[in-house]
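>
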Amino acid sequence: FLVAPKGSRTSLRRMFLQGRGLNSSYAIFQDATGKAQERVIALGIAVGSGYLFETNFKKEVYSDLTGERGTLMGCVQGIFAAQYDVLRANGHSPSEAFNETVEELTQSLMPLVAENGMDWMYANCSTTAQRGALDWWKKFHDATKPVFEELYNSVATGKESQRSIDLNSQPDYREKLNVELAELRDSEMWQAGKTVRSLRPENQAVEA
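Residue numbers (the numbering used here): 1328 to 1535.
Structure, rendered in structure tokens:
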């Protein structure tokens, strides 16, 4: 059986130390003792999960790989980069482009979405933001859905897993990976982000 917390190991550990936890999915493939259900629930509670939902191994793998490549990491980086590039191309400074693309979302809006839901956000934002979001979200849905369908098919047919296996098996994969990660790390957007994060109030030195 498995318990799969819905978050990164860093977040799981940090929240566990704070007496909190992440929701988890769980799956049971076989139950030789008749106690698998009892044990998997106990394991979920032990790692701090307040809510556990049942799945199976196949669905867990498919949804997990789709999520990682989609809205959790791959898609969100692509969307961040696209908006940042458009703002920069139209004369906005790196700081302004980063703040309007990433910082406001992660520091102000997503905590509220996590607490109350996106429907609450739409009902409680400014009328200008509300009208624009209502007008544009379906366009983004229609533009990205074919990409998500392509992604899910790539996961379901085993292409994504095979690619990971093939690349990780290459003797020079670590060197190639470091080049890709450096491209991301050294991009103007994330260098601007490093500066913006350093200027957050909680990161400022306080004089005694």
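Beta carbons are placed, not taken as given, at the ideal position from N, Cα and C, and that holds for glycine.
Would you mind sorting PHE1425 into buried or exposed? The rule is 16 or more other CB atoms within 10 Å of its CB.
Here the question's residue 1425 lines up with position 98 in the sequence shown. Classification of PHE1425: buried, given that the 10 Å Cβ count is 16 or more.
> Mind checking ALA1519: buried by the 16 CB within 10 Å criterion, or exposed?
Translated into positions along the sequence shown, residue 1519 becomes position 192. So ALA1519 counts as buried.
> For the alpha helix (DSSP H) holding VAL1388, just list the boundary residues, first then last.
Here residue 1388 refers to the residue found at position 61 of the sequence shown. It spans 1384-1396 - the alpha helix (DSSP H) in which VAL1388 sits, taken as one unbroken run.
> Under a three-way DSSP split, which group does VAL1374 fall into?
Counting from 1 along the sequence shown, the entry for residue 1374 is found at position 47. Coil at VAL1374, not helix or strand.
> Taking Cβ positions, are MET1516 and TYR1411 nearer each other than 7 Å?
Counted from its first residue, the sequence shown places residue 1516 at position 189. Counted from its first residue, the sequence shown places residue 1411 at position 84. Yes.
> Is the CB-CB distance between VAL1523 and GLU1430 below 7 Å?
In the sequence shown, residue 1523 corresponds to position 196, counting from 1. In the sequence shown, residue 1430 corresponds to position 103, counting from 1. Contact: yes.
> Rounded to whole angstroms, what is the Cα-Cα separation between MET1400 and LEU1526?
The residue you call residue 1400 lines up with position 73 of the sequence shown. The residue you call residue 1526 lines up with position 199 of the sequence shown. Taking the straight line from one Cα to the other gives about 24 Å.
> Please classify PHE1407 as buried or exposed, where buried requires at least 16 other C-beta atoms within 10 Å of its C-beta.
Taking the first residue of the sequence shown as position 1, residue 1407 is located at position 80. It is buried - the Cβ of PHE1407 has at least 16 other Cβ atoms within 10 Å.
> For PRO1438, count neighbouring C-beta atoms within 10 Å of its own C-beta (all shown protein chains included) and say buried if the count is 16 or more, exposed if not.
Along the sequence shown, read from residue 1 onward, the residue named residue 1438 stands at position 111. Burial call: exposed.
> What's the C-alpha gap between LEU1436 and ALA1460?
Position 109 of the sequence shown holds residue 1436. Position 133 of the sequence shown holds residue 1460. Distance between the alpha carbons of LEU1436 and ALA1460: 13 Å.
> Express the C-alpha separation of ALA1331 and GLN1489 in angstroms, rounding to a whole number.
By 1-based counting over the sequence shown, the position of residue 1489 is 162. By 1-based counting over the sequence shown, the position of residue 1331 is 4. Cα to Cα, the separation comes out at about 22 Å.
> Can you grab the Cα-Cα spacing for the pair ASN1505 / ASP1446, in whole Å?
Counting from 1 along the sequence shown, the entry for residue 1505 is found at position 178. Counting from 1 along the sequence shown, the entry for residue 1446 is found at position 119. Taking the straight line joining both Cα atoms gives about 40 Å.
> Can you tell me where the beta strand (DSSP E) with ALA1354 in it begins and where it stops?
Walking along the sequence shown from the start, residue 1354 turns up at place 27. Segment 1351-1354, the beta strand (DSSP E) holding ALA1354.
> Consider the C-beta atom of ASN1505 and the heavy atoms of the ligand GDP; say whether any pair is separated by less than 6 Å.
Only the bare structure without any ligand can be found here, which leaves the ligand GDP out of the picture.
> Tell me, please, whether the segment 1375-1382 touches the segment 1465-1483 by the rule of three or more beta-carbon pairs shorter than 8 Å.
Contact fails: fewer than three Cβ-Cβ distances are below 8 Å.
> Could you check where the alpha helix (DSSP H) with GLU1502 kicks off and where it finishes?
For this step, residue 1502 is matched to residue 175 along the sequence shown. Segment 1500-1512, the alpha helix (DSSP H) holding GLU1502.
> Apart from the five residues on each side of it in sequence, which residues of its chain come closer than 6 Å, Cβ to Cβ, to LEU1494?
As a working mapping, residue 1494 is identified with position 167 in the sequence shown. Around LEU1494: TYR1500.
> Would you say VAL1482 and TYR1389 are within 7 Å of each other, going by their C-beta atoms?
Counting from 1 along the sequence shown, the entry for residue 1482 is found at position 155. Counting from 1 along the sequence shown, the entry for residue 1389 is found at position 62. Closer than 7 Å, so yes.
> Do GLY1371 and LEU1349 have their C-beta atoms closer together than 7 Å?
Taking the first residue of the sequence shown as position 1, residue 1371 is located at position 44. Taking the first residue of the sequence shown as position 1, residue 1349 is located at position 22. No; because the gap between Cβ atoms is not below 7 Å, this pair is not in contact.
> Is the beta carbon of LEU1478 sitting closer than 7 Å to the one on THR1393?
Counted from its first residue, the sequence shown places residue 1478 at position 151. Counted from its first residue, the sequence shown places residue 1393 at position 66. Yes, these two residues count as a Cβ contact at 7 Å.
> Would you call THR1455 buried or exposed, if buried means 16 or more other Cβ atoms sit within 10 Å of its Cβ?
For this step, residue 1455 is matched to residue 128 along the sequence shown. Classification for THR1455: exposed.
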